[in-house]
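Going by the numbering used here, the first residue of the sequence shown is number 197, and it counts up by one from there. For glycine and all other residues, C-beta sits at the position ideal for the given N, C-alpha and C. None of the values given here were measured: they were computed from a predicted structure.
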Amino acid sequence: MSRTELPNSIRKFLRREKARIRRGVFDSEEAEKRISELVAKTFMVYSKKRLKNKPSK
């Protein structure tokens, strides 16, 4: 994951959600699965917004 692709607010959100998932799930494999789903979903949503707002030349 490249750190320059996401703004600070989204990185902060991901960091806090990952911590919440790790605290709430006792099985580490399940936690990693949920975290990877969260990151994939966030990247998908953010990339759609970024493409939508990108000005055409």
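Leaving out five residues before and five after residue i in sequence, what residues of the same chain have Cβ atoms less than 7 Å from its Cβ?
{"i": "Thr238", "result": "Ile206, Leu210"}
{"i": "Ala227", "result": "Ile217, Arg218, Val221"}
{"i": "Asn249", "result": "none"}
{"i": "Ile231", "result": "Lys214, Ile217"}
With DSSP collapsed to three states, give me the class of residue i.
{"i": "Leu210", "result": "helix"}
{"i": "Val221", "result": "coil"}
{"i": "Glu233", "result": "helix"}
{"i": "Leu247", "result": "helix"}
Classify residue i: buried if its beta carbon has 16 or more other beta carbons within 10 angstroms, exposed otherwise.
{"i": "Leu247", "result": "exposed"}
Taking the CB atoms as reference points, tell me whether residue i and residue j lie closer together than 7 Å.
{"i": "Leu234", "j": "Glu201", "result": "no"}
Please go through the same chain and pick out, in chain order, the residues whose beta-carbon is closer than 8 Å to the beta-carbon of residue i, but skip the five residues on each side of it.
{"i": "Pro203", "result": "none"}
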